[in-house]
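J.: Starting off with a structure, shown below.
There are 2 protein chains.
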Amino acid sequence: MRTADDRLTRTPRPESESMPTKARTLRLQHYLPYRLSVAANAVSRVIQLAYEERFGLTIPQWRLVAVLADEGPLTQQELCGRTIMDKVTVTRAAQGLLRRRLVKRLPNSADGRSHRLMLTKSGEALHAEVAPLALDYESKLLAGLKPEEIAKLEQHLRLLERAAAELRKT
Amino acid sequence: MRTADDRLTRTPRPESESMPTKARTLRLQHYLPYRLSVAANAVSRVIQLAYEERFGLTIPQWRLVAVLADEGPLTQQELCGRTIMDKVTVTRAAQGLLRRRLVKRLPNSADGRSHRLMLTKSGEALHAEVAPLALDYESKLLAGLKPEEIAKLEQHLRLLERAAAELRKT
DNA sequence: ACTTGATAGTTACATCTGCAACTGGATAAT
DNA sequence: ATTATCCAGTTGCAGATGTAACTATCAAGT
C-alpha cells in the first residue's frame, strides 16, 4: 500500500486515461487484459449461477444447446469450431446432455469415427425455456448502452480476439 | 431444429447485428456474454503463456506484483479488493511469491491477524522487466483502436461489470 | 492389401478455482 | 475479566479445465 507517509514522496503519475498507450506506466486498474478478464468473469458468474440452479446446465452445455438449436445436428468437431471450446470440453458437455436425454446421437454414415449431435424434443423444450432468459440477461447487462455502442463493443471484442490469436503465433 | 434436409425450408433470420437487443432470436455468435468470454479467454491465454514461460508467474501472481509495485505494501485483504480475486487465490499467489522471495511480509502492528506484503528488491526488478512487456502486449492488442475507442471500451467493460454485480444480487 | 500418417472422440492426469470449514487474533458488551 | 461475535488468513475438498496419451477410423501411397 502506498502508506500514509510516502504518499507525498512517491513520483507523480502524469498520464491520464486518454493518453496513447505507449509510454504509460502500468496500472492494473486501467490495464485492458485485466479489465476484460474481470468483466468477463463477473458476467460469466452471473449467467453460470442462473443456468446452473434453474436448469442444471453448465455453460459449455448451454453453448451446445444454443448452437444445436440454431444450426441443427452437428458433429462434435463442428461444435468445437462454433463454440471455440476444446474437444474435451465438448465431449464432456455432450455426455452430460446425453445422460439427460437432451441430445441424441445420429450415426454419421459418412465417417464412422464421428456422429452428429441433435437436440431431442426435451432438449428443444429446454432451449425454448432458456433462450428468453438468456436474452433477458443480455439486455439487462447492456441496458446502459445504445445500439450502436453495442455493435461497436461486439466489433471491438472480435478485434481483441483476432489480435490475441495473432499474438499467440508469435 | 434444422436437419440436413430442411435447411432450405428454415425461416429466414431478418435481424442484423445492429438491431435492438429485445426481440432478437438468440444466436451464440452475437450473444454478448459469449463474445466477452471468448475474447477474454483468448487474451488471458496469450498473456498467461508469456508470463508463465518467461517469468514463471501465474496471472494472480502477476496481478499482486503489479498492484504492489503501483501502490506499495498492502494486506492480503486490500489486495483482494484491488484485484477482485478471492482471498484464497490471493493467499496462494502470495505463497508462491514468498517462496521465490519476490515479496516479503511486514508484520502489521495494528492487527496481529494480518500482515502487509511488500515487493523485495528482486520483486521490483522482476516488475521492471515484466511491466514493459505487459504494456507492449496491451498496445499490440489495442493496435486497431483509436484512443477514444479504447477509453470507450474500458468504460463499457466497467459498465458490464457493474451490471453483472447488480444482477447477481437479484 | 498394407503400411503410414492424419483425424474424431475418449480417457487419464495434473492443475486451477471456489466454497466452506477452521484457526487465531480483534472487538464489543456486559 | 469473560463471553460472544467478527474478521484475516489458511487449509481441505469438490468441480471444472487443459494437455497429453490412447483408440478407432479414415485416406493416401505403394
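Same order as they appear, the protein sequences are chains A and B.
Number 990 in this note's numbering belongs to position 138 of the first sequence; there are no gaps in the numbering.
Number 897 in this note's numbering belongs to position 45 of the second sequence; there are no gaps in the numbering.
Backbone N, C-alpha and C define an ideal beta-carbon position, used for all residues, glycine too.
All of these numbers come straight from a predicted model, not from anything done at the bench.
Please return the same chain residues whose Cβ sits closer than 8 Å to the Cβ of Ala911(A), not counting the five positions on each side in sequence.
T.: The residue you call residue 911(A) lines up with position 59 of the first sequence. The sequence given here has Ile at residue 911(A), not Ala. Around Ile911(A): Ser896, Ile899, Gln900, Tyr903.
J.: Taking CB distances under 9 Å as the criterion, tell me whether Ser889(A) reaches chain B.
T.: Here the question's residue 889(A) lines up with position 37 in the first sequence. Yes, because at least one Cβ of chain B sits closer than 9 Å to the Cβ of Ser889(A).
J.: Is Leu1005(A) near Leu993(B), with beta carbons less than 9 Å apart?
T.: For the purposes of this step, residue 1005(A) is taken as the residue at position 153 of the first sequence. For the purposes of this step, residue 993(B) is taken as the residue at position 141 of the second sequence. For Leu1005(A) and Leu993(B), no; Cβs fall outside 9 Å.
J.: Who are the neighbours of Lys973(A) on chain B, taking C-beta pairs under 7 Å?
T.: By 1-based counting over the first sequence, the position of residue 973(A) is 121. Result: empty, since nearest Cβ-Cβ is about 10 Å, beyond 7 Å.
J.: CA-CA distance, Asn893(B) and Val890(A)?
T.: Along the second sequence, one-based indexing puts residue 893(B) at 41. Along the first sequence, one-based indexing puts residue 890(A) at 38. About 11 Å.
J.: What in chain A is Cβ-close to Gly996(B), meaning under 8 Å?
T.: Position 144 of the second sequence, counted from the start, is the residue given in the question as residue 996(B). In chain order: Leu1011, Ala1015.
J.: His967(B) bridges to which residues according to DSSP?
T.: Within the second sequence, residue 967(B) is the residue found at index 115, counting from 1. Partner(s): Pro959(B).
J.: Report buried or exposed for Ala1017(A), applying the criterion of at least 16 other Cβ atoms within 10 angstroms of its Cβ.
T.: One-based indexing of the first sequence puts residue 1017(A) at position 165. Exposed is the call here.
J.: At a CB-CB cut-off below 9 Å, which residues of chain B make contact with Ala986(A)?
T.: Translated into positions along the first sequence, residue 986(A) becomes position 134. By Cβ distance, chain B contributes Leu878, Tyr883, Pro885.
J.: Which of the residues in the region 890-910 of chain B, read from start to end, lie with their CB under 9 Å from any CB of chain A?
T.: Residues passing the 9 Å Cβ filter: Val890, Ala891, Ala892, Asn893, Ala894, Val895, Ser896, Arg897, Val898, Ile899, Leu901, Ala902.
J.: State yes or no: is the beta carbon of Leu1019(A) nearer than 9 Å to at least one beta carbon in chain B?
T.: Here residue 1019(A) is taken as the residue at index 167 of the first sequence, counted from 1. Closer than 9 Å: yes.
J.: Look up Ala1003(B) in the DSSP assignment and say whether it is helix, strand or coil.
T.: Position 151 of the second sequence holds residue 1003(B). It is helical.
J.: Does the Cβ-Cβ distance between Glu960(B) and Arg953(B) come in under 9 Å?
T.: The residue labelled residue 960(B) in the question sits at position 108 within the second sequence. The residue labelled residue 953(B) in the question sits at position 101 within the second sequence. As written in the sequence, residue 960(B) is Asn, which differs from the Glu given in the question. No, the pair does not count as a contact, with Cβ atoms beyond the cut-off.
J.: Would DSSP call Gln1019(A) helix, strand or coil?
T.: On the first sequence, position 167 is the one that residue 1019(A) refers to. With the sequence shown as reference, residue 1019(A) is identified as Leu, and Gln is not the correct amino acid for it. Looking at Leu1019(A) - three-state DSSP - the assignment turns out to be helix.
J.: Show which residues of chain B have a CB atom less than 9 Å away from the CB atom of Ala945(A).
T.: As a first step, residue 945(A) is located in the first sequence; it is residue number 93 there, counting from the start. Near Ala945(A) there are no residues of chain B at all, since even the closest Cβ is about 13 Å away, more than 9 Å.
J.: Return the residue from the list Thr1022(A), Gly996(A), Glu990(A) that minimises the CA-CA distance to Leu880(B).
T.: In the second sequence, residue 880(B) corresponds to position 28, counting from 1. Residue Glu990(A) is the option with its Cα nearest to Leu880(B).
J.: What separation, rounded to the nearest whole angstrom, lies between the Cα atoms of Leu978(B) and Leu916(B)?
T.: In the second sequence, the residue the question calls residue 978(B) occupies position 126. In the second sequence, the residue the question calls residue 916(B) occupies position 64. Looking at the two C-alpha atoms, the distance is approximately 12 Å.
J.: Does the beta carbon of Ala977(A) come closer than 9 Å to any beta carbon on chain B?
T.: Start at 1 with the first residue of the first sequence, and residue 977(A) comes out as number 125. Chain B contact via Cβ: absent.
J.: With C-beta atoms as the reference, is Ala1015(A) less than 9 Å away from Ala995(B)?
T.: Start at 1 with the first residue of the first sequence, and residue 1015(A) comes out as number 163. Start at 1 with the first residue of the second sequence, and residue 995(B) comes out as number 143. In this structure, Ala995(B) lies closer than 9 Å to Ala1015(A) by Cβ.
J.: Locate the alpha helix (DSSP H) running through Pro912(B), then write down its first and last residues.
T.: Within the second sequence, the letter at position 60 stands for residue 912(B). Looking at the DSSP string, the run of the alpha helix (DSSP H) that includes Pro912(B) is 911-923.
J.: Relative to the C-alpha of Leu997(B), which residue among Leu1009(A), Glu1000(A), Arg906(A), Pro999(A) is closest?
T.: On the second sequence, residue 997(B) is found 145 positions in, with the first residue counted as 1. Of Leu1009(A), Glu1000(A), Arg906(A), Pro999(A), the residue nearest in Cα terms is Leu1009(A).
J.: Going along the chain, which residues of the region 924-938 of chain A sit with their C-beta nearer than 9 Å to a C-beta in chain B?
T.: Answer in chain order: Gly924, Pro925, Arg934, Thr935, Ile936.
J.: Would you please verify whether the beta carbon of Ala962(B) is less than 9 Å from any beta carbon of chain A?
T.: In the second sequence, residue 962(B) corresponds to position 110, counting from 1. So no, Ala962(B) is outside the interface.
J.: Does the Cβ of Thr941(A) have 16 or more other Cβ atoms within 10 Å, making it buried, or fewer, making it exposed?
T.: On the first sequence, residue 941(A) is found 89 positions in, with the first residue counted as 1. That one is buried.
J.: Let me check you understand the geometry: is the CB of Ala983(B) closer than 8 Å to at least one non-hydrogen atom of the ligand ATP?
T.: Questions concerning the ligand ATP fall outside what the structure shown contains, since it holds no ligand whatsoever.
J.: Using a beta-carbon distance below 9 Å, is Leu950(B) in contact with chain A?
T.: Numbered from 1 along the second sequence, position 98 holds the residue referred to as residue 950(B). Not one chain A Cβ lies under 9 Å of Leu950(B).
J.: Just to confirm my understanding: we take Leu985(B), look at its own chain, exclude 5 residues before and 5 after, and list those with CB closer than 8 Å. What are they?
T.: If you number the second sequence from 1, residue 985(B) lands on position 133. For Leu985(B), where only same-chain residues beyond five positions count, the Cβ hits under 8 Å are Ala902, Arg906.
J.: Would you tell me roughly how many angstroms separate the C-alpha atoms of Glu976(B) and Asp922(B), rounded to the nearest one?
T.: Position 124 of the second sequence, counted from the first residue, corresponds to residue 976(B). Position 70 of the second sequence, counted from the first residue, corresponds to residue 922(B). Rounded to the nearest angstrom, the two C-alpha atoms are 10 Å apart.
J.: Is the Cβ of Glu981(B) closer than 9 Å to any Cβ of chain A?
T.: Mapped onto the second sequence, residue 981(B) falls at position 129. Output row for Glu981(B): interface = no.
J.: For Leu884(B), count the other beta carbons within 10 Å of its own beta carbon; 16 or more makes it buried, fewer makes it exposed. Which is it?
T.: Stepping through the second sequence from its first residue, residue 884(B) is reached at position 32. Buried, since its Cβ has 16 or more Cβ neighbours within 10 Å.
J.: Tell me the rounded alpha-carbon separation between Lys1021(A) and Leu1012(A).
T.: For the purposes of this step, residue 1021(A) is taken as the residue at position 169 of the first sequence. For the purposes of this step, residue 1012(A) is taken as the residue at position 160 of the first sequence. Going from the Cα of Lys1021(A) to the Cα of Leu1012(A) covers about 15 Å.
J.: Please state whether the Cβ-Cβ distance between Ser966(A) and Gln928(A) is less than 9 Å.
T.: Position 114 of the first sequence holds residue 966(A). Position 76 of the first sequence holds residue 928(A). Cβ distance < 9 Å, so Ser966(A) and Gln928(A) count as in contact.
J.: Are the Cβ atoms of Ala983(A) and Leu888(B) separated by less than 9 Å?
T.: One-based indexing of the first sequence puts residue 983(A) at position 131. One-based indexing of the second sequence puts residue 888(B) at position 36. Their beta carbons are not under 9 Å apart, which means Ala983(A) does not touch Leu888(B) by this criterion.
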